[in-house]
Each structure stands twice: as C-alpha cells, then as structure tokens.
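Asker: Okay, handing you the structure first.
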Amino acid sequence: MKFRLSKDLIFFVCTALVMGAVILIGMNWHTDFGINLTTDATYPRARVLEVLSDRTSVDEDGVRRGQQDLLVEILTGEHSGRVVQAQNILFIDAAVHAQPGQRLVLFFDYQEGDTVYFARVHTYERATTIYIVVILFFILLAAVGGKSGLRSAFGLVFTFVMILFLLIPAISHGAPPTLLTLVLALVIIAVSLIAIMGFEKKTYISMAGSAIGIALCCLFYFVLSSALRITGFNIPEMSHLVAVGFAANASISELLFCGILIASLGAVMDTAVSVASATAEIGQASKKGDFKDVFSRSMRLTKDCIGSSVNTLILAFTGAFFVTLVVFRLNNFDYHMVIHRTDIAIEVLRALSASAAIVLCAPATALISSRVYSKRT
Numbered sequence: 085m086k087f088r089l090s091k092d093l094i095f096f097v098c099t100a101l102v103m104g105a106v107i108l109i110g111m112n113w114h115t116d117f118g119i120n121l122t123t124d125a126t127y128p129r130a131r132v133l134e135v136l137s138d139r140t141s142v143d144e145d146g147v148r149r150g151q152q153d154l155l156v157e158i159l160t161g162e163h164s165g166r167v168v169q170a171q172n173i174l175f176i177d178a179a180v181h182a183q184p185g186q187r188l189v190l191f192f193d194y195q196e197g198d199t200v201y202f203a204r205v206h207t208y209e210r211a212t213t214i215y216i217v218v219i220l221f222f223i224l225l226a227a228v229g230g231k232s233g234l235r236s237a238f239g240l241v242f243t244f245v246m247i248l249f250l251l252i253p254a255i256s257h258g259a260p261p262t263l264l265t266l267v268l269a270l271v272i273i274a275v276s277l278i279a280i281m282g283f284e285k286k287t288y289i290s291m292a293g294s295a296i297g298i299a300l301c302c303l304f305y306f307v308l309s310s311a312l313r314i315t316g317f318n319i320p321e322m323s324h325l326v327a328v329g330f331a332a333n334a335s336i337s338e339l340l341f342c343g344i345l346i347a348s349l350g351a352v353m354d355t356a357v358s359v360a361s362a363t364a365e366i367g368q369a370s371k372k373g374d375f376k377d378v379f380s381r382s383m384r385l386t387k388d389c390i391g392s393s394v395n396t397l398i399l400a401f402t403g404a405f406f407v408t409l410v411v412f413r414l415n416n417f418d419y420h421m422v423i424h425r426t427d428i429a430i431e432v433l434r435a436l437s438a439s440a441a442i443v444l445c446a447p448a449t450a451l452i453s454s455r456v457y458s459k460r461t
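Numbering (our numbering), first residue to last: 85 to 461.
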C-alpha cells in the first residue's frame with residue numbers, strides 16, 4: 085500500500101510539473117501566422133458607468149437593434165482606470181444591451197498617444213462566469229465522485245492543457261498534425277487512465293484497448309475519407325485558415341483527421357475502461373474461471389456497452405450539426421442536393437469513423453481482459 089501511494093504521489097507531482105512547463109511554453113510560443121490589422125487595438129474589460137443615450141428598440145423578430153452611447157471605466161490593461169465614451173451597436177448576433185454597472189469587453193483602439201481613440205462594445209464579460217462554472221463543476225465532481233472524481237478532474241485538466249498549450253501551438257508552428265496528435269492521444273490515454281484508476285492491471289488493459297481503438301479510428305478514417313472523397317481541404321473553416329496565411333501549409337489537410345481523433349478519444353477510453361472493469365469483476369465472480377466462460381460473459385455485457393456508446397457518439401455529432409439540418413428543412417432543400425453535400429459527408433465520416441472504432445475496440449478489450457482475468461491462464 086505504501087509503495088502504491090508512493091507511485092501515485094510521484095505520478096501526480098511529475099504530471100503537474102509537466103503541465104506547468106507546457107503552459108509556460110504554450111503561453112510564450114507566438115506564431116507568425118495571422119493578420120494584425122490594428123497593432124494598437126486591445127480588448128480590455130470595462131464597467132458601464134452611465135448610458136448617455138439609448139436609441140434601441142425590439143423588432144418584430146424579438147431582437148433588440150439600434151445603438152447606445154456609453155460612459156465606461158476601463159478595468160484592465162495599460163489604460164486601467166480611464167473613463168471613456170464607447171459606442172454600442174446592437175444587431176442580430178451581437179445584441180449586447182448595456183445597463184449601468186454591467187461589465188463588458190471593449191474593442192479599444194488608440195492613436196497618436198491618448199489624444200485620439202475609438203471604443204466600441206465587443207461583447208459581454210464572460211470570463212469570470214466561465215471560471216466560476218468550471219470551479220463549481222469540479223466541486224460537484226469531487227462531492228459526488230469523491231477521490232475518483234478528483235482523479236478524473238486531474239485527467240481532464242491534463243487533456244485540455246496538452247491540447248490547448250501543446251498541440252495547437254505546435255501545429256501552428258508547422259509540426260506534423262497527424263503524428264503529433266497520435267502521439268499526444270496515446271500520452272493522454274496513459275495519463276488519464278492512470279489518474280483515474282491508478283497503477284492497476286485493468287488500467288493497463290484499458291490502455292491497450294484504447295490504443296487499439298485509436299488505431300482502428302485511423303484505419304476507418306482513411307478508408308472512409310477516400311471512399312467519400314474528403315481530402316481535409318473541404319472543412320468549412322478553410323476560408324479562415326486562408327485569411328491568416330496558414331493554408332499554404334500542406335499539413336492543413338490533416339486537421340480534419342486530428343479533430344475527429346480528439347473527438348473520439350473520450351468515447352474510446354470510456355468503452356475500454358467499462359469493458360476492462362466489468363471483465364475484471366466477471367473473472368473474479370466466475371465459478372469456472374476459464375477463458376471461454378469469462379469471455380462469453382464479457383461479450384454479453386460488451387454488446388450493451390457498444391450500443392450505448394455508439395448512440396452517444398452519433399447523437400453528439402448529430403447535435404453539433406442540428407442547426408444546419410434545420411436550415412436544410414426550412415429551405416425545402418432537395419434530398420439529392422443535401423445527401424451529396426460535402427458537409428454531410430464530413431459529418432458521416434466523423435460519426436462512422438469513431439463509432440466503427442468503438443464497435444471493434446470493445447470486443448478487443450474484452451478478449452485481452454478475459455485472457456488476463458481467467459483463473460486457468
């Protein structure tokens with residue numbers, strides 16, 4: 085027990101140090117891509133002191149439109165404490181109706197020192213609310229899950245740190261997206277599963293099953309993308325990548341695959357862990373204890389796990405595409421026009437690549453688990 089506690093402590097301390105180093109590197113790793121139209125423009129937080137004029141009204145669609153003139157105090161940045169006038173233009177996708185005391189984010193551009201400036205309301209200040217909601221979520225996770233909940237939170241934080249501060253900056257600097265995402269996915273699998281379950285036999289089985297699932301996801305992606313003629317240059321965000329000059333990089337075609345792999349990573353790990361843990365219990369409870377008995381019992385449970393996991397994954401992808409489907413229906417688009425669209429093919433590619441990987445990952449994990457937990461092997 086002391087040895088296990090020592091290993092866990094060393095693991096968490098070392099992983100935390102690695103996360104700290106990655107955050108420092110990622111925050112100071114600036115890219116040469118991008119367009120900086122106004123070098124002096126900033127986005128400081130501000131508090132509304134007074135609404136000088138309000139020329140807004142609600143239209144027939146229930147959307148408030150018009151313009152406000154505000155007196156605001158800048159709260160952050162080099163102009164902190166300064167009181168300025170700001171415009172607030174309300175339209176359909178930026179209807180920020182300001183009230184005295186509200187905290188907003190400004191687009192603030194100054195020229196010729198402080199004599200000439202332009203201030204416009206950008207959006208609501210949401211960062212504080214986001215931080216509070218995330219903290220409350222972790223508190224809820226710890227309250228319900230106890231020690232396991234805290235370990236899960238640690239694995240979740242590690243995953244997002246690696247993606248936000250290592251994977252994305254490295255890709256923006258020209259690192260090969262596919263290779264880097266695959267390596268990072270394996271690292272996330274290992275760290276997350278050890279954080280959740282510790283150094284246990286079923287942890288290593290779950291790692292093996294998850295790695296098999298990732299390999300299968302890659303295989304199905306390349307087969308289906310070739311059959312559907314999806315090159316990776318078909319992604320809707322291509323215009324934004326062209327605007328910042330990143331499209332000149334040939335690795336842009338790999339970004340679609342990276343996104344699908346990251347999206348399916350959680351479902352693959354969840355399936356592998358569920359099957360490995362259940363098989364471990366079956367192996368201990370089985371009277372015969374031989375491989376055939378444990379495997380047959382595990383496969384009966386695995387079939388239910390496959391059904392629920394695949395439904396979860398496909399519904400998640402469908403929900404992300406739901407608004408577009410509503411637009412198609414409202415505009416009475418012809419079926420043959422819709423079914424051949426590139427964005428439909430991309431969604432099918434996303435859903436089926438990950439789902440097919442889960443369908444085969446589960447029995448592979450059951451097979452490994454049954455061999456390990458059989459009493460006569």
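Ideal Cβ positions, reconstructed from N, Cα and C, are used throughout, including at glycine.
For Met281, is the classification buried or exposed, using 16 other Cβ atoms within 10 angstroms of its Cβ as the cut-off for buried?
Answerer: For the purposes of this step, residue 281 is taken as the residue at position 197 of the sequence shown. Buried is the call here.
Asker: Skipping 5 residues on each side, what residues in its chain have a beta carbon closer than 6 Å to that of Leu251?
Answerer: As a position in the sequence shown, residue 251 is number 167, starting the count at 1. Only Leu268 meet the Cβ criterion.
Asker: Shortest alpha-carbon distance to Asp354 belongs to which of Thr386, Met246, Leu136?
Answerer: As a working note, residue 354 is residue 270 in the sequence shown. It is Thr386 whose Cα lies nearest to the Cα of Asp354.
Asker: Look at the alpha carbon of Tyr127 and the alpha carbon of Val189, and state the distance between them as a whole number of angstroms.
Answerer: Reading the sequence shown from its first residue, position 43 is the one you call residue 127. Reading the sequence shown from its first residue, position 105 is the one you call residue 189. Their backbone Cα atoms lie some 6 Å apart in a straight line.
Asker: Give me the Cβ distance between Leu155 and Val167, rounded to the nearest whole Å; I'm assuming they're in contact under 8 Å.
Answerer: Position 71 of the sequence shown, counting from 1, holds the residue named residue 155. Position 83 of the sequence shown, counting from 1, holds the residue named residue 167. Right, their Cβ atoms sit about 7 Å apart.
Asker: At which residues does the beta strand (DSSP E) containing Ser137 begin and terminate?
Answerer: Residue numbering aside, residue 137 sits at position 53 when the sequence shown is read from its first letter. Run containing Ser137: 129 to 142, per the beta strand (DSSP E) assignment.
Asker: Counting only the same chain and skipping the five closest in sequence on each side, list residues whose C-beta sits under 8 Å from that of Thr207.
Answerer: The residue you call residue 207 lines up with position 123 of the sequence shown. Cβ within range, chain order: Ala178, Val180, Leu188, Val189.
Asker: Nearest CA to the CA of Phe341: which residue from Leu312, Phe379, Met291, Thr265?
Answerer: For the purposes of this step, residue 341 is taken as residue 257 along the sequence shown, with counting starting at 1. Nearest option by C-alpha distance: Thr265.
Asker: Excluding the five sequence neighbours on either side, which residues of its own chain have a C-beta within less than 6 Å of the C-beta of Leu349, listed in chain order?
Answerer: Residue mapping note: residue 349 aligns to position 265 of the sequence shown, counting from 1. Ala269.
Asker: Which residues does DSSP list as the beta-bridge partners of Asn172?
Answerer: Working through the sequence shown from its first residue, we reach residue 172 at position 88. Its beta-bridge partners are Gln152.
Asker: On the DSSP bridge assignment, give the partners of Phe192 in chain order.
Answerer: If you number the sequence shown from 1, residue 192 lands on position 108. Thr126, Ala203.
Asker: State the beta-bridge partners of Glu162 as determined by DSSP.
Answerer: Walking along the sequence shown from the start, residue 162 turns up at place 78. DSSP output for Glu162 lists no bridge partner at all.
Asker: Express the C-alpha separation of Ala254 and Tyr201 in angstroms, rounding to a whole number.
Answerer: Working through the sequence shown from its first residue, we reach residue 201 at position 117. Working through the sequence shown from its first residue, we reach residue 254 at position 170. Approximately 36 Å, taken between the alpha carbons.
Asker: Taking contact to mean 3 or more Cβ pairs, one atom from each stretch, closer than 8 Å, check whether the segment 356 to 369 and the segment 407 to 419 are in contact.
Answerer: No, the segment 356 to 369 is not in contact with the segment 407 to 419.
Asker: Where does the unbroken alpha helix (DSSP H) through Gln462 begin, and where does it stop?
Answerer: For residue 462 there is no data in the structure shown, the boundaries of the chain being 85 and 461.
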